[in-house]
Amino acid sequence: MAAPVPSSRTRLIEESVTLSIAARALALKKAGRDVVSLGAGEPDFPTPANIAEAGIKAIREGRYRYTATSGTPELRAAGSAWLKAAFGLCYGTDEVMCTAGAKPALHMAMSTIIEAGDRVIVLAPYWVSYPALVHMAGGVPVIIEAVPDQGFVHDAAAIERAVVTHNAKGIILNYPNNPSGAVATRAQIEAIVRIAAAHDLWIVSDEIYAMLRYDGAEYVSAAAVPFGKERTLVVTGFTKSHTLTGWRIGFLAGSKAVIEAAGRIQSQVLGNPCTISQEAARTACAEAPFDEVARRLVDLDQRRQFLVQEINQLPGLKLTPPRGAFYALVDARQLCAKRQQSDLQIAELLLDEHHLATVPGSAFGIPNFIRLSYAAAMPDLKKAMTRLAAFVRS
Ligand SMILES: Cc1ncc(COP(=O)(O)O)c(C=O)c1O
22 MAAPVPSSRT RLIEESVTLS IAARALALKK AGRDVVSLGA GEPDFPTPAN IAEAGIKAIR
82 EGRYRYTATS GTPELRAAGS AWLKAAFGLC YGTDEVMCTA GAKPALHMAM STIIEAGDRV
142 IVLAPYWVSY PALVHMAGGV PVIIEAVPDQ GFVHDAAAIE RAVVTHNAKG IILNYPNNPS
202 GAVATRAQIE AIVRIAAAHD LWIVSDEIYA MLRYDGAEYV SAAAVPFGKE RTLVVTGFTK
262 SHTLTGWRIG FLAGSKAVIE AAGRIQSQVL GNPCTISQEA ARTACAEAPF DEVARRLVDL
322 DQRRQFLVQE INQLPGLKLT PPRGAFYALV DARQLCAKRQ QSDLQIAELL LDEHHLATVP
382 GSAFGIPNFI RLSYAAAMPD LKKAMTRLAA FVRS
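Residue numbers (this note's numbering): 22 to 415.
Right, here's the structure in full:
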């Protein structure tokens, strides 16, 4: 008799391309190759010592048991204060919950607001997990094509057309954006929120890169503009700004009703986020480590400018300076046309022949672009540019 097979729902979920490239790069490294990895979105800086120490202290003091499922009351209160201090967002303690990273926060958000078959607008280029997260919640992602010639920020009229055509119920926003580094202006966010209000859409605003901005780009949350707060779920945390990557901690903020419902889902699938990491996150919130971010931004900005300069000298490649996050989304359309190769083939050749790990734009819904992460040390970036130049000129 044949063995049972996984559900049809699982077939809608693709493996994360970024993680599979990271795994392939790791395998090459293990085989002794000198691989430069600009694939994964993980900062090379360590977790700040005071945050890590808070976790270690929690273990030493035996504070590692189950907690309230949406996070300890102390952490939720600290999270609420941090949202106000860092971003000017006003949420009460019962309007903020702690989860095991931004990814689960997105999952709780989608599962709370999406009804079966609901259409959700996803703006390309999008972070790889959004379509899968919508599917897992029973929704249907509606992808709107990328607008590289508009600095990767869609205009509200185009979004409205898609909303009407597909009778959409929600939209995912992500500024600063992974992979493009785009940061929408206040006027652009206000216009999108006006459309959302006019058509009664939910907004899931993934603000995990909010602290990482350059060239004076302003941070504007959809929750902070008129008509925004009541329909927006904010996803945020310290993952990218303070390297809490492996600690698995994130926050979801929204109305009391939404947070209470999301908390019920979390209680059934996760229990509570790691207790030790909650203690570390409480320190991160309470000691509001803005200086640390400022120091990191100086470094990241140097790397960003280096990439912009180097890449724009290479024939067939173009890089519009990213204004946030730590990714360079390189326009390789000319190079792809000249070599008659797709972005996927180019990423494979870069990894296999030049030992440079990147991510093909197709993974983000933008074919013939290549994403490089500059959350890597300068010597690695220099090596990467030498290898990229060798490939382009080969
Ligand atoms: C846009 C975006 N959202 C969410 C996440 C997930 O963050 P976390 O590790 O906190 O789950 C990432 C990580 O790469 C990301 O780039």
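Using N, Cα and C, we set each Cβ at its ideal position, and we do this for glycine too.
Taking a contact to mean a Cβ-Cβ separation below 8 Å, would you say residue i touches residue j in this structure?
i	j	result
Pro94	Gly271	no
Ala349	Leu338	no
Leu233	Val256	no
Phe412	Leu365	no
Cys119	Arg97	yes
Leu104	Val117	yes
Ala130	Val241	no
Ala415	Ile286	Checking the sequence, you will find Ser at residue 415 rather than Ala. No. Outside cutoff.
Arg344	Val204	yes
Val174	Val143	no
Trp192	Ala123	For the record, residue 192 in the displayed sequence is Ile; it is not Trp. Contact: no.
Thr68	His263	yes
Arg269	Ala158	no
Ala177	Arg215	yes
Asn108	Ala231	Here residue 108 is Phe; the residue named in the question, Asn, does not match the sequence. Going by C-beta atoms, Phe108 is nearer than 8 Å to Ala231.
Ala244	Leu40	no
Glu211	Val168	no
Leu402	Leu328	yes
Identify, in the order they occur along the chain, each residue of the same chain with its Cβ nearer than 7 Å to the Cβ of residue i, setting aside the five sequence neighbours on each side.
i	result
Asp65	Ala396, Ala397, Ala398
Thr341	Gly172
Ala179	Ile165
Glu331	Met406
His375	Arg408, Ala411, Phe412
Using only the heavy atoms of ligand 1, determine whether one of them is closer than 7 Å to the beta carbon of residue i.
i	result
Thr257	no
Asp227	yes
Trp148	yes
Gly122	yes
Thr260	yes
Gly202	no
Gly60	no
Gly271	yes
Asn188	no
Asn293	no
Asn199	yes
Asn195	yes
Going by beta carbon distance, what residues of the same chain come within less than 8 Å of residue i, once the five residues before and after it are set aside?
i	result
Val161	Gly138, Asp139, Arg140, Val141, Val155
Ala43	Ser58, Gly60, Ala61, Ala378
Ser363	Cys357, Pro381, Ser383, Pro388, Asn389
Asp322	Tyr235
His220	Glu181, Val184, Val185, Ala189
Tyr147	Ile164, Ile193, Asn195, Phe385, Gly386
Cys306	Leu96, Ala99, Gly100, Ala102, Trp103
Ser150	Ser37, Lys124, Leu127
Asn333	Lys339, Leu340
Leu265	Thr68, Ile72, Gly258, Phe259, Ser298, Ala301, Ala302, Ala305
Pick helix, strand or coil for residue i, following the three-state DSSP scheme.
i	result
Ala489	For residue 489 there is no data in the structure shown, the boundaries of the chain being 22 and 415.
Ala411	helix
Pro381	strand
Asp364	helix
Ile387	coil
Ser462	Nothing can be reported for residue 462: it is not among the residues displayed for the chain, which extend from 22 to 415.
Gly202	coil
Arg344	coil
Leu371	helix
Asp65	coil
Arg392	strand
Leu59	coil
Ala212	helix
Gly76	helix
Asp352	strand
Leu222	coil
Any heavy atom of ligand 2 inside 7 Å of the beta-carbon of residue i?
i	result
Thr266	With respect to small molecules bound, the structure shown includes ligand 1 and not ligand 2.
Who are the near neighbours of residue i in its chain, counting only those whose CB is closer than 6 Å to its CB and skipping five residues on each side?
i	result
Ala79	Ile297, Glu300
Ser288	Thr90
Ala75	Glu300, Ala301, Thr304
Ala282	Thr133
Tyr196	Val204, Ala205
Gly275	Leu254
Ala218	Phe248
Pro336	none
Runs of 3 residues minimum, wholly inside the stretch 227-279: which ones carry the beta strand (DSSP E) assignment? As summarised for the stretch 227-279, the continuous beta strand (DSSP E) elements at least 3 residues long and confined to that stretch are 253-257, 271-274, given in chain order.
At which residue ranges does the stretch 276-341 contain complete alpha helix (DSSP H) runs of 4 or more residues, listed in the order of the chain? Runs of the alpha helix (DSSP H) lying entirely within the stretch 276-341, each at least 4 residues long, are 277-290, 296-307, 311-332 in chain order.
Which parts of the stretch 101-184 are runs of the beta strand (DSSP E), unbroken and 3 residues or longer, counting only runs that do not cross its ends? Listed in chain order, they are 117-120, 140-144, 161-165.
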